[in-house]
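Student: Mapped onto the working numbering, the consecutive letters of the sequence shown carry residue numbers 33 to 447.
Following this message is one structure expressed as structure tokens.
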Amino acid sequence: MYRVWGFLTEYSLLLIIGAAIALIWANLDYASYHHFVEFTLWDHAPIGHLHDGHRTLTLHYLVNDLLMALFFAIAAKEVWEAVILKNGSLRGKKAATPLFATAGGMFGPIAVYLGLAMILGSDTYNAVSNGWAIPTATDIAFSYLVGRLVFGAGHPAVRFLLLLAIADDAAGLIILAIFYPSGDLAPQWLLLSLCAALAVFILANWLPRRLDRGNQLRPNSTWVRRKLHFLPYFIAACISWYGFMRSGLHPALGLLPIVPTIPHADRAFGIFAEAETYLHDLLNVIEHALKHPVEIILFFFGLCNAGVQFSSMGNATWLVLAGLLIGKPIGILLMGWIAAVPLKLGIPAGMRIIDLVVIGCVAAIGFTVSLFVASVAFETGPVQDAAKMGALFSFAAAAISLIAGKLFRVQKQTL
């Protein structure tokens, strides 16, 4: 059972299974599926959808707004470590070309999505324009898997792809926070999140280290770690999440202010928990502890968000697909080439410029984050369903990537 569970979680198959069940269920009996997703868990709750002067906690809200905060916290942890750690992948000149490619991988899809929407006419443009951010997303987990299949685990293009995906995630979090608030903005509530982050950093992180200065035994830091463990950060996370909910920003981003306050490693060993087995700092311990729960959350995310009827396919479907499958590779190739050749920032040894096309195809797998953005960009209805279908169909990028790898004669490299 353990080996089966490891296989399922390593390749995020629980998310695919959840999405597949949702698709089948919605196309067999949409009424019962919708009733399940919008099932009321708690009426007149302190958290949930606000309507008629009170809040209602539904299964959909629990998964998308509360539990998915853990998923985005793990994504934020990878971004934070990539930026601040000594060997972080987003530090220094080595990150320049991937960052340029990331910009291309975001502006390219936006240009294709909005450009084609304008060509289709003002009615279509007005209906779908708010979904411009949907094709900017790159699913880190699935892109990593497909990238290893196409290039081999030891190819420098895989590391380049991961840098790009991490930077894409960081930009995606900013886009969600700025352009897709969950309601009327009340920014004063963000002070609650800020105060929670500052308080837990000072009391549970900075102050014990300050008191231990000059003492190699670090008694105060050790006491906090052994006696309190992650409890102070859990309390701060709950407070921060509530502040985000009340502020009107999307609550799923509510744990982001807390992530930088947690004690972290001094240097980076790689991406995700699998590359950091021997790190025992609290941030990595928490990530290890959350790995399987987050996989289960992703199963329910797929179950609660991928249930669209095939008859829902429409303009938004093809616009999202075009943005991902056309805009991503073109944008990544163009901006990557500008960085590597005219600006002379270079690319990793062992990579070719043409490999950027294949990387662009791999990065076109939007799935998780694209589904999430579709759920917040549009109201529940046919346009949202059509956009979600485009996000689901972005899995076609995996097959396209394998074909592109053969076409451009990618030489696989093992570790």
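All residues carry an ideal CB built from backbone N, CA and C; glycine is no exception.
#1: Out of Gly-280, Asp-61, His-320, Lys-360, point me to the one whose CA is closest to Ala-395's CA.
#2: Which residue wins for smallest C-alpha separation from Ala-423, given the options Thr-88, Ser-225, Thr-400?
#3: Within its chain, find whatever has a CB closer than 7 angstroms to the CB of Trp-273; leave out the 5 residues flanking it on each side and keep chain order.
#4: Give the single residue among Gln-416, Ala-419, Leu-222, Ser-433 whose Cα lies nearest to the Cα of Ile-397.
#5: Could you name the residues of the same chain whose beta carbon sits closer than 7 angstroms to that of Val-256, not counting the 5 residues immediately before and after it, in chain order?
#6: Buried or exposed: Leu-185, going by 16 or more other Cβ atoms within 10 Å of its Cβ?
#7: What residue range is occupied by the uninterrupted alpha helix (DSSP H) comprising Leu-230?
#8: What does a CB cutoff of less than 8 angstroms around Gly-90 pick up in its chain, not counting 5 residues either side in sequence?
#9: Do Phe-333 and Leu-98 come within 8 angstroms of each other at the CB atom, strictly closer than that value?
#10: Closest to Leu-366 by C-alpha separation, out of Asn-59, Val-115, Thr-134, would be which residue?
#11: Determine the burial state of Gln-416: buried for a count of at least 16 other Cβ atoms within 10 Å of its Cβ, exposed for fewer.
#12: Can you name the residues that DSSP bridges to Trp-74?
#13: Let me know if Lys-420 comes out buried or exposed under the rule of 16 or more other beta-carbons within 10 Å of its beta-carbon.
#14: Return the chain-ordered list of same chain residues with a C-beta closer than 6 angstroms to the C-beta of Gly-50, the five sequence neighbours on each side being excluded.
#15: Compute the Euclidean distance between the alpha carbons of Val-373 and Leu-193, then round it to the nearest angstrom.
#16: Do the stretch 161 to 168 and the stretch 141 to 150 touch if we need at least three Cβ pairs shorter than 8 angstroms?
#17: In angstroms, rounded to a whole number, what distance separates the CA positions of Ala-229 and Ala-431?
#18: CB-CB under 6 angstroms to His-187, same chain, minus the five flanking residues each way: which ones, in chain order?
#19: Using DSSP bridges, identify the partner residues of His-81.
#20: For the candidate residues Gly-140, Leu-226, Phe-103, Leu-223, whose alpha-carbon lies nearest to that of Asp-171?
#21: Just to confirm, are Gly-339 and Ala-58 a CB contact at a threshold of 8 angstroms?
#22: Are the beta-carbon atoms belonging to Phe-404 and Ile-318 less than 8 angstroms from one another?
#23: Return the chain-ordered list of same chain residues with a C-beta closer than 6 angstroms to the C-beta of Tyr-157, the five sequence neighbours on each side being excluded.
#24: If we require 4 or more residues per run, which alpha helix (DSSP H) segments fall completely within the stretch 249 to 323?
#25: Between Leu-196 and Ile-391, which are expected to be in contact by the criterion C-beta below 8 angstroms, what is the C-beta distance as a whole number of angstroms?
#26: Which full runs of the alpha helix (DSSP H) of 4+ residues lie inside the stretch 402 to 432, going along the chain?
#27: Is it right to say Pro-219 is buried, meaning 16 or more other beta carbons lie within 10 angstroms of its own, or is it exposed?
#28: For Gly-355, count neighbouring C-beta atoms within 10 Å of its own C-beta (all shown protein chains included) and say buried if the count is 16 or more, exposed if not.
#29: Along the alpha helix (DSSP H) that carries Pro-361, what are the first and last residues, could you check?
#30: Alpha carbons only, please: which of Trp-350, Ala-371, Ala-436, Leu-224 is nearest the one belonging to Gly-275?
Tutor: This is what the structure gives:
#1: Ranking Gly-280, Asp-61, His-320, Lys-360 by CA distance to the CA of Ala-395 puts Lys-360 first.
#2: Out of Thr-88, Ser-225, Thr-400, Thr-400 has the C-alpha closest to the C-alpha of Ala-423.
#3: Excluding positions up to five away in sequence, the list reads Ala-101, Pro-283, Gly-286, Leu-287.
#4: Selected option, being the one with the closest Cα: Ser-433.
#5: These residues qualify, in order along the chain: Ala-236, Pro-240.
#6: Per the sequence shown, residue 185 should be read as Ala rather than Leu. That one is exposed.
#7: Note, Leu-230: alpha helix (DSSP H), 222 to 233.
#8: In the sequence on display, residue 90 carries Thr and not Gly. Excluding residues within five positions, the ones whose Cβ falls inside 8 angstroms are Val-69, Glu-70, Phe-71, Thr-72, Leu-73, Gly-80, His-81.
#9: Their beta carbons are not under 8 angstroms apart, which means Leu-98 does not touch Phe-333 by this criterion.
#10: Comparing Cα-Cα distances from Leu-366 to each of Asn-59, Val-115, Thr-134, the minimum goes to Thr-134.
#11: Label assigned to Gln-416: buried.
#12: As computed with DSSP, Trp-74 is found in a beta bridge with Leu-89.
#13: Burial of Lys-420 is indicated by the presence of at least 16 other C-beta atoms within 10 angstroms of its C-beta.
#14: Within the same chain, Gly-50 has close Cβ partners Phe-331, Gly-334, Leu-335.
#15: When the Cα atoms are used, Val-373 and Leu-193 turn out to be separated by approximately 19 angstroms.
#16: Remark: three or more beta-carbon pairs, one from each stretch, lie closer than 8 angstroms, so the stretch 161 to 168 and the stretch 141 to 150 are flagged as touching.
#17: Their backbone Cα atoms lie some 43 angstroms apart in a straight line.
#18: Non-local beta-carbon contacts of His-187 in its own chain, meaning distances under 6 angstroms to residues more than five positions away in sequence, involve Gln-445 in chain order.
#19: Residue pairing of His-81 in beta bridges, as defined by DSSP: Thr-88.
#20: It is Phe-103.
#21: Between Gly-339 and Ala-58, the C-beta gap is smaller than 8 angstroms, which places the two residues in contact.
#22: No, the Cβ-Cβ distance between Phe-404 and Ile-318 is not below 8 angstroms.
#23: Here the set comprises Ala-149, Met-150.
#24: Under the rule that a run must span 4 or more residues, the alpha helix (DSSP H) segments found entirely inside the stretch 249 to 323 read 251 to 255, 263 to 279.
#25: Contact flag correct, Cβ pair sits at about 7 angstroms.
#26: Every alpha helix (DSSP H) stretch that sits fully inside the stretch 402 to 432 and reaches 4 residues is listed by chain position as 414 to 425.
#27: Pro-219 is exposed by the Cβ-count criterion.
#28: Within a 10 Å sphere around the beta-carbon of Gly-355 sit 16 or more other beta-carbons, which makes this residue buried.
#29: Where Pro-361 is concerned, the enclosing alpha helix (DSSP H) starts and stops at 360 to 372.
#30: Of the candidates Trp-350, Ala-371, Ala-436, Leu-224, the one whose C-alpha sits nearest the C-alpha of Gly-275 is Leu-224.
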